[in-house]
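Novice: The structure is given below, and queries will be raised subsequently.
Chains as they are written, first to last, in this note's numbering: chain A, 4 to 568; chain B, 4 to 568.
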């Protein structure tokens, strides 16, 4: 590394304090982030401001995105923005028989660099991504359909937070054993003690595969990417064909930093598929692939878990998220909070509530008792009010990510009595964008045909106001839903200590993350890195949580060399 | 817990300092153990001395071993000591449809007790087992066939160490997040900060299954048992039908302690099978079983990994252990060390070397160059000398654990030129014991028919002196063996820094634990808890290592409850 521009000393000077703060925060779970959320915070210290970010994005459109990877045997790509325009970018297509062996070449030096240097290199990658957050925001917006502000925050600093969090966990896990040789001396009574010298080296498992998703390419992609890289594994990124650009930019930055730090840039590569090629399946069962991170459909997640037996497989699949509405002392706050949760990114988050369980006899509130019909009507009015202004609606909803979501939304109106109809919103800047407000459908929880609707995931801006016999009935339905369908989030509103305790018990027993009585500016569908766990890894919605020890500890093994002292 | 005899305060007074020392030692990897290795250390502080331990063991023989478990629908058992006598003990047979639901009943209180109380209860169980080490030694001896001293140490303090180590890892892992509620406050510029109160609870996954082995029922059983129990899971122990007693005693102690501490004793139960019943397969795929720990054959381990998809599966299977002999500056020490490794417990350890790779042109030593034939003859002489005295041979070898081992030993002599023939040793105390010294067979590594022998596991007192073209050839064969067959241990002797580096590189790349130039009183087949890793979890011999973060971190999940502050 003598000739590297980025020495470990230089990297430590820049990033060691950030790493230390991350290590402290994953223990306290307090609020912290090193990456600014405000667009105006960028433009100094070499970071791109709004205009420069937009210009950088535009200069990438309609070009060939070269990465100088081994085994490039053609070019592919056909992303079209959910806002309308085609991106016109071509990405390298890889011959896996050339690419994968080339990725292993740098693994020994990456291992020998040690946990700290690997962490610091990862932090430099994140810092450079952070500096280009404005550019990434456009890339995320025009692949996911998120509105700009959300693409900026969730696709930028929040994704970078999740990446940094994974690096911190990975570093902590690898440094549990002493670096360098440790002495070991076992007393033998009057005889000389037995003495050995022992050395412990964290070693990566092999090539890691990140399978990206359409809706949150960076936020869902970074934890696995950085956890694997920080634990010594090369990483091949297979983006969703509709959301290549944000991860292609990420891979490019990673390769630049690795090279500058004296490592093989092929430790991070991109594998984009030709239309219909299905390389995720091909890659997933290659013997070189030892780790897989996946976010997406339950069907393919289950397939990976069953078939990629040579790999450690971390999946975030789909669940059915529930909110139990029992009672509240802040009726307006509850309605406003729920309305926002249902509207944000047109409900296209894996954490968006789907089933609102409301007793058919109504609930008690600070504004007097409210019947089931009143609660549903008031919630519909709250959503309607929140999205009444088209400019604000566009800013919250973004665009529907693909035609399947639109089709589900349209079909949902036929499932029951529509309490709030979806309406089309025009986006003046992008007239081809498909923008829709959420639909709320009333269902009778006791009717078997209604169950077919609410007891499966309906991804998109669709929620069901399910009438139940009682809160006890709601809790039983909640339990069954989490156990059989999984849940990324559970919400509940109650003023009763007993009910609170009962819903907690269900969530503890079924391993679901619970938000209680949210009435302010935090929403059930949002989690903060370093503090909140995303998913639990203990119910069918996901087999892993972001981020915990289990997410990183099996990405490497510790090899011990012991010598006669 | 107010009425419990063992309050958390009392448990903390007794065991907190031991836990703290264990937590410190898994970081320093220094030598430490709270459980005495010397038989004479017992007999004070309520522990059983040699005579009392033997008497306790004898009082158990030819009795019905009642555990007062729910769902007992009959009695079964038919253990015969490898030393000859039938144990004559009957154990409860369980109706799983009654037993398993009963085991879940106490899970909530066990979860609510918290990580520290769970750890302290586990330490009390271990302390009571420790006090009865003399009794356990007889139980292990007369099920595994280990000689008494080995059964005492490996089945007693060393097994207890591994259990305590797992408790320490489990405690550390669960206390990464704050106990109790933690505040979270996110600044919002001029507006009020967003504030939440957050609570993190480690929750067990469900019932854990421990599938015991014949050779090391306690040593291989305790890590999984205590890791699962300490992380909040009930544990059902399914012992090997030939080695029930050591784990039945363990379950009885655990149930006593749980009850005294105010918990449901059914958090730990025993499931013994009727002859040929095969309940491991039945249990392994029951939906209630969420964790499985297994030690045994590769075939059944692979079956568990493929079929018990509802559970986290931790397996220690079989491998082919190699020693590379390149050169030495202590020829006598090397021969003595290897002779002991091959002889201990008649080679019936998953860590015993099988293939000794020796260059056909010989090696350099402090006693001059030694040809391949000389090295093999000298090793044969060293083993012969070590085991020349029948009393010492009996003390080292123990008895063959079952007829399969004897059959393999007898067949091995036909695989090549016998450098050291196995001989029958008479055990005057147990004339029916099958005691055999190891066989060493010479094989030409370049011959395809020889490969069929040395390239598969031959469990028992059989080793192959494999001639290779060169040390480089040996390293290539080592790499292929670890990659394709797995290895629990690798040994190497060399005076060359380059060769040392090369063998290290193979072990780092293939994830195998390496012992270099052992010539004293530490043997390649032994590992010390708190310091050495047993297996790596990164090659086909085992998917987990004893003990590391990955061994415990996925046995529980952290459920977060966040509330509007």
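For glycine and all other residues, C-beta sits at the position ideal for the given N, C-alpha and C.
Which bits of chain A does residue 519 (chain B) rub up against, with CB to CB less than 8 Å?
Specialist: Position 516 of the second chain, counting from 1, holds the residue named residue 519 (chain B). Going along chain A in sequence order, the residues near residue 519 (chain B) (Cβ under 8 Å) are 564, 565, 566 and 567.
Novice: At the level of alpha carbons, what is the spacing between residue 236 (chain A) and residue 190 (chain A)?
Specialist: For the purposes of this step, residue 236 (chain A) is identified with residue 233 of the first chain, where counting begins at 1. For the purposes of this step, residue 190 (chain A) is identified with residue 187 of the first chain, where counting begins at 1. Going from the Cα of residue 236 (chain A) to the Cα of residue 190 (chain A) covers about 39 Å.
Novice: State the DSSP-derived secondary structure class of residue 189 (chain A), mapped to helix, strand or coil.
Specialist: In the first chain, counting from the first residue as 1, residue 189 (chain A) sits at position 186. Residue 189 (chain A): strand per DSSP, three-state reduction.
Novice: How far does the beta strand (DSSP E) with residue 95 (chain B) in it extend, from its first residue to its last?
Specialist: The sequence position of residue 95 (chain B) within the second chain is 92, counting from 1. It spans 94–97 - the beta strand (DSSP E) in which residue 95 (chain B) sits, taken as one unbroken run.
Novice: Under the rule that 16 or more other beta-carbon atoms within 10 Å means buried, what is residue 558 (chain A), buried or exposed?
Specialist: Position 555 of the first chain, counting from 1, holds the residue named residue 558 (chain A). Residue 558 (chain A) is buried by the Cβ-count criterion.
Novice: Would you check if the segment 311–323 of chain A and the segment 334–342 of chain A touch, i.e. whether three or more CB-CB distances between them fall below 8 Å?
Specialist: The answer is no - the segment 311–323 of chain A does not touch the segment 334–342 of chain A, with fewer than three Cβ pairs under 8 Å.
Novice: If we define contact as Cβ-Cβ less than 8 Å, is residue 481 (chain A) a contact residue for chain B?
Specialist: Stepping through the first chain from its first residue, residue 481 (chain A) is reached at position 478. By this cut-off, residue 481 (chain A) is not an interface position.
Novice: So what does DSSP say about residue 402 (chain A), is it helix, strand or coil?
Specialist: Looking up residue 402 (chain A) in the first chain gives position 399. DSSP places residue 402 (chain A) in coil when its eight states are reduced to three.
Novice: In terms of DSSP beta bridges, what is residue 78 (chain B) paired with?
Specialist: Mapped onto the second chain, residue 78 (chain B) falls at position 75. Answer is B:95.
Novice: Of all the options B:565, B:20 and B:534, which has the alpha carbon lying nearest to the alpha carbon of residue 570 (chain B)?
Specialist: No information on residue 570 (chain B) is available, as it lies outside the stretch 4 to 568 that chain B covers here.
Novice: Whole angstroms is fine: what's the gap from residue 14 (chain B)'s alpha carbon to residue 49 (chain A)'s?
Specialist: Residue mapping note: residue 14 (chain B) aligns to position 11 of the second chain, counting from 1. Residue mapping note: residue 49 (chain A) aligns to position 46 of the first chain, counting from 1. Approximately 58 Å, taken between the alpha carbons.
Novice: Roughly how many angstroms lie between the CA atoms of residue 83 (chain B) and residue 217 (chain B), to the nearest whole one?
Specialist: Here residue 83 (chain B) refers to the residue found at position 80 of the second chain. Here residue 217 (chain B) refers to the residue found at position 214 of the second chain. One C-alpha to the other measures close to 12 Å.
Novice: Name the chain A residues whose beta carbon is nearer than 7 Å to that of residue 176 (chain B)?
Specialist: Within the second chain, numbered from 1, the residue matching residue 176 (chain B) stands at position 173. Neighbours of residue 176 (chain B) on chain A, chain order: 552.
Novice: Comparing the C-beta of residue 78 (chain A) with each C-beta of chain B, is any distance below 8 Å?
Specialist: Counting from 1 along the first chain, the entry for residue 78 (chain A) is found at position 75. No, its Cβ sits nowhere closer than 8 Å to a Cβ of chain B.
Novice: Counting only beta-carbon atoms, is residue 187 (chain A) nearer than 8 Å to chain B?
Specialist: Reading the first chain from its first residue, position 184 is the one you call residue 187 (chain A). Taking Cβ atoms only, chain B reaches closer than 8 Å to residue 187 (chain A), which makes this a yes.
Novice: Any idea which residues DSSP pairs residue 542 (chain B) with across the strands?
Specialist: In the second chain, counting from the first residue as 1, residue 542 (chain B) sits at position 539. For residue 542 (chain B), which the question treats as bridged, DSSP gives the partners B:545.
Novice: Against chain B, which members of the segment 534–547 of chain A pass a CB distance test of less than 7 Å?
Specialist: The segment 534–547 of chain A vs chain B, Cβ under 7 Å: 534, 535, 536, 539, 540 and 541.
Novice: Using a Cβ-Cβ distance cut-off of 8 Å, determine whether residue 523 (chain A) contacts chain B.
Specialist: In the first chain, residue 523 (chain A) corresponds to position 520, counting from 1. Chain B contact via Cβ: present.
Novice: Verify the CB distance criterion: does residue 43 (chain A) have a CB-CB separation below 8 Å to chain B?
Specialist: For the purposes of this step, residue 43 (chain A) is taken as residue 40 along the first chain, with counting starting at 1. Not an interface residue.
Novice: How about residue 301 (chain A) and residue 484 (chain A): do their beta carbons lie closer than 8 Å?
Specialist: Taking the first residue of the first chain as 1, we reach residue 301 (chain A) at position 298. Taking the first residue of the first chain as 1, we reach residue 484 (chain A) at position 481. Not a contact, by the Cβ cut-off of 8 Å.
Novice: Within the continuous alpha helix (DSSP H) that includes residue 277 (chain B), where are the two ends?
Specialist: Within the second chain, the letter at position 274 stands for residue 277 (chain B). Element bounds for residue 277 (chain B): n/a, residue is neither H nor E.
Novice: Note down, in chain order, each residue of its chain lying with its Cβ closer than 8 Å to the Cβ of residue 254 (chain A), except the 5 sequence neighbours on either side.
Specialist: Position 251 of the first chain, counting from 1, holds the residue named residue 254 (chain A). Correct list, in chain order: 70, 240, 271, 272 and 273.
Novice: Based on Cα-Cα distance, which residue from B:284, B:460, B:207 and B:333 lies nearest to residue 515 (chain A)?
Specialist: The count along the first chain starts at 1 and reaches residue 515 (chain A) at position 512. For residue 515 (chain A), the nearest C-alpha among the options comes from B:207.
Novice: Could one say the Cβ of residue 258 (chain A) lies closer than 8 Å to chain B's Cβ atoms, at least one of them?
Specialist: Locating residue 258 (chain A) in the first chain gives position 255, counting from the first residue. Answer no: the Cβ-Cβ gap between residue 258 (chain A) and chain B never drops below 8 Å.
Novice: For the alpha helix (DSSP H) holding residue 297 (chain B), just list the boundary residues, first then last.
Specialist: On the second chain, residue 297 (chain B) is found 294 positions in, with the first residue counted as 1. Careful: residue 297 (chain B) lies outside any alpha helix (DSSP H), inside the beta strand (DSSP E) at 292–298.
Novice: Can you give me the C-alpha to C-alpha distance between residue 562 (chain A) and residue 345 (chain A), rounded to a whole angstrom?
Specialist: Taking the first chain and counting its residues from 1, one reaches residue 562 (chain A) at position 559. Taking the first chain and counting its residues from 1, one reaches residue 345 (chain A) at position 342. Their backbone Cα atoms lie some 48 Å apart in a straight line.
Novice: Verify the CB distance criterion: does residue 330 (chain A) have a CB-CB separation below 8 Å to chain B?
Specialist: Here the question's residue 330 (chain A) lines up with position 327 in the first chain. So no, residue 330 (chain A) is outside the interface.
Novice: Which residues does DSSP pair with residue 8 (chain A) in a beta bridge?
Specialist: For the purposes of this step, residue 8 (chain A) is taken as residue 5 along the first chain, with counting starting at 1. Beta-bridge pairing links residue 8 (chain A) to no other residue.
Novice: Please name the residue, chosen from A:473, A:42 and A:543, that lies closest to residue 153 (chain A) on a Cα-to-Cα basis.
Specialist: Here residue 153 (chain A) corresponds to residue number 150 of the first chain, with the count starting at 1. Of the candidates A:473, A:42 and A:543, the one whose C-alpha sits nearest the C-alpha of residue 153 (chain A) is A:42.
Novice: Per DSSP, which residues does residue 447 (chain B) bridge with? Please list them.
Specialist: Taking the first residue of the second chain as 1, we reach residue 447 (chain B) at position 444. Partner(s): B:470.
Novice: Under the rule that 16 or more other beta-carbon atoms within 10 Å means buried, what is residue 159 (chain B), buried or exposed?
Specialist: Locating residue 159 (chain B) in the second chain gives position 156, counting from the first residue. By the neighbour-count rule (16 or more Cβ atoms within 10 Å), residue 159 (chain B) is buried.
Novice: Look at the alpha carbon of residue 422 (chain A) and the alpha carbon of residue 566 (chain B), and state the distance between them as a whole number of angstroms.
Specialist: Here residue 422 (chain A) refers to the residue found at position 419 of the first chain. Here residue 566 (chain B) refers to the residue found at position 563 of the second chain. Roughly 29 Å separates the two Cα atoms.
Novice: To the nearest angstrom, report how far apart residue 17 (chain B) and residue 24 (chain B) are at their CA atoms.
Specialist: Position 14 of the second chain, counted from the start, is the residue given in the question as residue 17 (chain B). Position 21 of the second chain, counted from the start, is the residue given in the question as residue 24 (chain B). Roughly 13 Å between the two C-alpha positions.
Novice: Could you check whether residue 552 (chain B) and residue 350 (chain A) sit closer than 8 Å to each other, using their CB atoms as the reference points?
Specialist: Numbered from its first residue, the first chain carries residue 350 (chain A) at position 347. Numbered from its first residue, the second chain carries residue 552 (chain B) at position 549. For residue 350 (chain A) and residue 552 (chain B), no; Cβs fall outside 8 Å.
Novice: Within 10 angstroms of its Cβ, does residue 193 (chain B) collect 16 or more other Cβ (buried), or is it exposed?
Specialist: Within the second chain, residue 193 (chain B) is the residue found at index 190, counting from 1. Residue 193 (chain B) is exposed by the Cβ-count criterion.
Novice: How about residue 165 (chain B) and residue 222 (chain B): are their beta carbons less than 8 Å apart?
Specialist: Position 162 of the second chain, counted from the first residue, corresponds to residue 165 (chain B). Position 219 of the second chain, counted from the first residue, corresponds to residue 222 (chain B). For residue 165 (chain B) and residue 222 (chain B), yes; Cβs fall inside 8 Å.
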